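Residue numbers (the UniProt record's numbering), protein chains in the order written: chain A, 1 to 631; chain B, 1 to 230. For each residue, glycine too, the CB sits at the ideal point set by N, CA and C. All figures in this text were calculated on a predicted structure; none of them were measured in a lab.
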Amino acid sequence: MKNSIRQLWRTPVKAVLFFLLIGGAAFLLTMGANLFYVSSKTREAAEGAFSTIGTVEQKVSSTSMEKYWDPATQDYAYYSNKMYDAPISDEVLDLEGIPYVHKPKQRPFYGAFKEGYVVRDTHSEVDESWLGIGGDSVIVEVEPFEDCVPDHPVKLHFKKTLYGKITDRMLNRIWFWDYTNPEPQPLYAGKTYIMALFNNVSLEYQGVLDKDKYPDVSAVWTPWIDIKGYQYTKEGIEIDDSQHENQFYSEVTDGFYETAEGKRWLNMIEGFRIADYSIPVIPTDATNLLMYFYNQDAGIVEGRDITDEEYREGKRVCLVQEEFAASNHLEIGDKLELPLYYADYSASASFSYPMWSTQTAAAKLINAEGELYAPFWDEEYEVAGIYKVYAGTDTYTGHEAAKNGVIIPAASVTESDEDNILGYGPMKDYNTVFQLENGRIDAFWDVWNKQGSSQLKITFYDKGYSALEQSFQNTRKMSAILLSAGIGTTILILLFFCHMFIAKQKLRTAVERSLGMTKKQCRTSLLSGMLVTAAIGCAVGAGAGSLLTGTVARSLEKSTTYSSLYSTGKAVIEEIASSPEVLTGGLARFAIPVSAAAAVLAMAWLTAYIMVSGNLREEPMELLAKMRHDI
Amino acid sequence: MCILKVEHVSYSYRTKYQTIEAVKDVSCEFEAGNLYAITGESGSGKSTLLSLLAGLDLPLNGRILVKGEDMAEIDRDKYRREQASVVYQAFHLFPLLNTVENIMFPMELKGIPKKQAEEKAKQLIAEVGLAEQSYRQFPQMMSGGEQQRVAIARAFAAGGQIILADEPTGNLDSENEENIVKLLRESAHERGYAVIVITHNPEVAAQADVILTMRDGRLIGNTAQEVGVS
C-alpha cells in the first residue's frame, strides 16, 4: 500500500488535482443532498403548517327592487335585493381529477338546546332585559282603550307578557304603531290581541315620529315578527306558509290557545325560549376548514384537536369554546349532550350567535305547520378540546367564530336533518369550504375551467404556500443540480483518473505480476493509493459541504419573499429552516456528509475495481509481448 | 544441477486473425551456474519460451519441471517471487520509484523488513557497479545501461536461482552491452544463477556457456561451448 500511495504522490500535480476534484465532487454531493434534505424537511413541516382551502359562493344572478311602506313619506320606498337562481348542489364540484383533501360540502350549522345550558356569562352585570332575543322584543296580550286604526301611535292597555322581559318602561300601557303597514287593520276596544312587538326607539330620533303632532307619545312599539313558519326541503325548496306572512297579531278569544293559530303563537314563544338558550353546533370535516381556525383567530388552549380519523369515522367528540366550557364547568373528557333542533343552510352561525353580543338572532323554531321543531339528533359528545377565540370577532363576513360554538365531526350526525331545515340558501363562502392538496391550485383550475360551473365563484386561501412552493422548487432544483453535478463530476473524474492511474498502468501490473505479485496484491497496489487519496478528499469535501449547507440554505431562504398577509406561515418556515435540528442536526451534519462521502468512495472503488480487473484480465505474458513489440 | 527441465513443451496463442504456434515440442534442461543464450530470428518463439520458463503461463502440451516439480502444480506467483527473476530489454523499472525502492520491491514482497531490505538494496547497487548517488535517482534520470543494472540488481534482490533475461542488451550501446553481459556471466559463474538470455545478438550469444537456437518454434540446435572471459 505504501508503494501505491508513494507512486501516486510522485505525480503530485495529478494527485493534487485528483484530490481536489474528488473532494469537490463530494462537496457538491453533500451540498446537494443536504439541501434536498433541508428542503424536504422544510416542505414536510410546511405541509403540516400550511393548508390550501377554497370557498365556494353562488354568484348573484340579478337584483330586484323590493318595495316597502315608508311612514315618513307616506309612500312606498324601494330597496335592491340580490337574486339567485335555484341553489346549485355542491355535487357539481365533485369532479374527477381534482386533488381534494376534503370535498366541498354545503354545511349547515345546527342549533342545540338542553335545559341547564349556561349560554352567557352569569357573572356579568348586564341588564337581564338585554339578554337573549328579549330586551325590547316581547310577545304580549294587549287591549285597545278605544277603537282605533294603528296607522299612527295608538294607546293600548298592557295585559300580559308571554315572552320577553317587562321593564318599568312599559307600565300598564303602551303606544303601538303598525307603521310599516300602509293599510293597518282596525283594533277594537274590549278585544284582546296577542302581538309580537318591538320597542322601536329609533322612530323618535330618526324623526319618523312627529313630536309636535304627538307630544305625549314616547317609546313606540311596532310589529316585531310574524307567525310564519320557516321550513325547507333537503333540496332547498321552501314549504309554503305564506298565509301567515306579515301576521304580527291575532285576536285572543276564549279557547284561542287551543286553536291552530293560538298553538302556533305558543309554539313560537316556546321556540324563542329554546333559541334564547341554544348554542350553535358547527359540523365540519376538519377544524382547519373553519376560517377562524385557518386564520388562527382561534386556537385550542386545552386538550387536543379532533383527529382526522375521528372526523372520518364520525366519532362523537367535540371542541367547545372556552367561555362556554367555563360557564358549564366542562372539562376535557366530559360529556356534552347535544339535542339538535334545527339546521340552517342559509347563514353563518356567527350571524345568529355573534361573539360581540349577548343576544341571539330570533330563530322561529316552528315549521310550516306551526309546530315546534323537535330534536332530530340527541347524542352525547366527549369534549376533546377547548378552544379560545382570539380575534376576528368584530366583522360580519360569516367567517367569524360563533358564540358558544361547539365543533363536531360532520359525519357524527347520522340522522337526517331533512325535517328540521330552518333556512336554506345558495352556497356561500362561509358554508361551503373544501381543502385541496397543497400546491395543487393549478390542477384545480385545469379541471374546473373545462367542467366547472360559471355560476360559482371559487376563492382560494393558502397562506402564501404557492410562494413558498416556488421557493421549495428553487431549493430542490438547486439541490438536484448540485446532486447531478456531483454525480456527473464524480463519474467523469473517476473515469479520467482511473484511466490515468489504472488503465494506463497495465505495464506496471504486468511487471508486478512478473515479479511474483498475486492478482490480489496487484489489485491492492493499484487501488489503495487512489482510494486512500479519494477517501481523504471525500472527507474534506463532505465536511466542507456540511459546514456550508446552513449558509446556502439560509441565503436561499432570504431570497424568498413573503406576503405580509402570511406572516404566521413565514414564521413557521423560518423557524423550521433555521432550526438546529434541521441544519445542524445529526442527519445534515453527519449522516448525509458521511453517506455522500461513502457514495463517492463506493463509486471510486467500483470504477477502479472494474478497471483493475480489466488490467488483470490480460495475461502478463501477452502484455509483455505487446510491450516488446511497442519498443 | 538441473534447475529447469523442459519436456516436449508446445504453446500456441490466438491473435485476431490466426492461431500462432509459438513453441513446438521443445525439450531442454537448464543448470545452475551456467549462462544460456536462446537465439533465433524474430518470431522464432524464444520470448514465448522465456515467458513459459518464467511461469507467466503454462504450456499447452508437455511440462516444465522446476527442481523436479511440475510448474503446473506449484504456486507460480511464489515461483517468480522466490526463484525466478526476469530482466527485460526495456528494463521495466517502476518509473515512480527510485533506485533503492525499485530494488527493495521484490524484498518487500517477500516480507523482508524495510531497513534490512534497504541495506541489501544498497549493497546490490554497489555490486552491479552503480554509485551511491544513484540511490535516489528515478529511472528516467539514468542511462539505459544504468537502468539495466538496476533491473539486474532487482533480479538479485529476489534471491532466487534463475535469471531470465529478454534481450537485456537490446537497448544498450556496445560498451554497456559488454558490461551487462559480463554482469550476467558473473551472476552465473560466481553467484551460481542459471541465467537464460534471449538474444539475437551473436556477440552476446557467443558469451554463453550453452547456445540454444530456435526456428519456427522448434529448438534446432543446442551447443555447449567454451567461452573465454573477455
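Could you compute how far the alpha carbon of residue i sits from the alpha carbon of residue j?
i, j, result
"Pro12 (chain A)", "Arg476 (chain A)", "37 angstroms"
"Lys5 (chain B)", "Leu65 (chain B)", "5 angstroms"
"Gly541 (chain A)", "Leu548 (chain A)", "11 angstroms"
"Ala608 (chain A)", "Arg10 (chain A)", "19 angstroms"
"Val281 (chain A)", "Ser350 (chain A)", "11 angstroms"
"Gly217 (chain B)", "Phe496 (chain A)", "41 angstroms"
"His157 (chain A)", "Glu143 (chain A)", "5 angstroms"
"Leu526 (chain A)", "Ala534 (chain A)", "13 angstroms"
"Asp210 (chain A)", "Gln185 (chain A)", "22 angstroms"
"Ala343 (chain A)", "Tyr84 (chain A)", "21 angstroms"
"Gln7 (chain A)", "Glu82 (chain B)", "24 angstroms"
"Ile408 (chain A)", "Ser479 (chain A)", "43 angstroms"
"Ile103 (chain B)", "Val150 (chain B)", "7 angstroms"
"Thr39 (chain B)", "Ala165 (chain B)", "12 angstroms"
"Leu507 (chain A)", "Glu7 (chain B)", "30 angstroms"
"Gln89 (chain B)", "Pro168 (chain B)", "4 angstroms"
"Phe145 (chain A)", "Val154 (chain A)", "9 angstroms"
"Ile139 (chain A)", "Ala363 (chain A)", "14 angstroms"
"Asp136 (chain A)", "Pro223 (chain A)", "11 angstroms"
"Lys114 (chain B)", "Lys41 (chain A)", "54 angstroms"
"Glu132 (chain B)", "Val100 (chain B)", "10 angstroms"
"Val447 (chain A)", "Ile493 (chain A)", "48 angstroms"
Kindly say whether residue i, judged by its beta-carbon, lies nearer than 8 angstroms to any beta-carbon of chain B.
i, result
"Leu515 (chain A)", "yes"
"Val13 (chain A)", "no"
"Thr509 (chain A)", "no"
"Asn3 (chain A)", "yes"
"Thr607 (chain A)", "no"
"Thr518 (chain A)", "yes"
"Glu47 (chain A)", "no"
"Ala619 (chain A)", "Strictly speaking, residue 619 (chain A) in this sequence is Glu, with Ala absent from that position. Cβ-Cβ to chain B under 8 angstroms: yes for Glu619 (chain A)."
"Gln505 (chain A)", "no"
"Gln473 (chain A)", "no"
"Ser559 (chain A)", "Note that Ser559 (chain A) scores 45 on pLDDT, short of 50, meaning its location in the model is unreliable and no value can be drawn from it."
"Pro580 (chain A)", "Summary for Pro580 (chain A): the model assigns pLDDT 44, below 50, so the residue's position carries little reliability, and this model does not support an answer."
"Arg10 (chain A)", "yes"
Would residue i pass as an interface residue toward chain A - the criterion being a Cβ-Cβ separation below 8 angstroms?
i, result
"Phe30 (chain B)", "no"
"Phe156 (chain B)", "no"
"Lys78 (chain B)", "yes"
"Ala165 (chain B)", "no"
"Ala185 (chain B)", "Looking at the sequence provided, one finds Arg at residue 185 (chain B) rather than Ala. Not closer than 8 angstroms to any Cβ of chain A, the Cβ of Arg185 (chain B) fails to qualify, so no."
"Pro59 (chain B)", "no"
"Val66 (chain B)", "no"
"Arg149 (chain B)", "no"
"Leu4 (chain B)", "no"
"Leu124 (chain B)", "no"
"Leu130 (chain B)", "no"
In terms of DSSP beta bridges, what is residue i paired with?
i, result
"Ile194 (chain A)", "A:Glu141, A:Ser250"
"Met65 (chain A)", "A:Ser80"
"Arg14 (chain B)", "B:Thr19"
"His157 (chain A)", "A:Glu143, A:Arg173"
"Val26 (chain B)", "B:Val9"
"His102 (chain A)", "A:Gln435"
"Gly385 (chain A)", "A:Gly303, A:Leu319"
If we define contact as Cβ-Cβ less than 8 angstroms, is residue i a contact residue for chain C?
i, result
"Gln470 (chain A)", "Annotation note: the requested chain C is absent from the structure, which comprises protein chains A and B."
* **Runs of alpha helix (DSSP H) wholly within the region 75-139 of chain B (minimum 4 residues, chain order)** => Counting only runs of 4 or more, we get 76-82, 99-109, 114-127.
* Identify each residue in the region 35-61 of chain B for which the Cβ-Cβ distance to at least one residue of chain A is less than 7 angstroms, and report them in chain order. => Ser47, Ser51, Ala54, Leu56, Asp57
* **Segments of 3+ residues assigned as beta strand (DSSP E) that fall wholly inside the region 262-303 of chain A** => Correct list: 279-284, 298-303.
* Using a Cβ-Cβ cut-off of less than 7 angstroms, list which residues of the region 102-119 of chain B approach chain A; keep chain order. => Per Cβ criterion, the list reads Phe105, Pro106, Leu109.
* Residues of the region 173-200 of chain B with a CB closer than 8 angstroms to any CB of chain A: list them in chain order, please. => none
* Taking any Cβ of chain A, which residues in the region 79-92 of chain B have a Cβ under 8 angstroms from it, in chain order? -> Going along the region 79-92 of chain B in chain order, one finds Tyr79, Arg80, Arg81, Glu82, Ser85, Val86, Tyr88, Gln89, Ala90, His92 with a Cβ nearer than 8 angstroms to chain A.
* Asked: What residues in the region 211-226 of chain B have a beta carbon less than 9 angstroms from any beta carbon of chain A?
  -> Those residues of the region 211-226 of chain B that come within reach of chain A (Cβ to Cβ, closer than 9 angstroms) do not exist; the list is empty.
* Asked: If you scan the region 309-373 of chain A from start to end, which runs of the beta strand (DSSP E) of 3 or more residues do you find wholly inside it?
  -> If we require 3 residues or more, the beta strand (DSSP E) runs fully inside the region 309-373 of chain A come out as 317-321, 335-344.
* At what residue ranges does the region 435-518 of chain A contain a whole run of the beta strand (DSSP E), taking only runs of 3 or more? -> 456-461
* To do: Could I get the ranges of all uninterrupted beta strand (DSSP E) runs contained in the region 28-60 of chain B, with 3 residues as the minimum, in chain order?
  => 35-40
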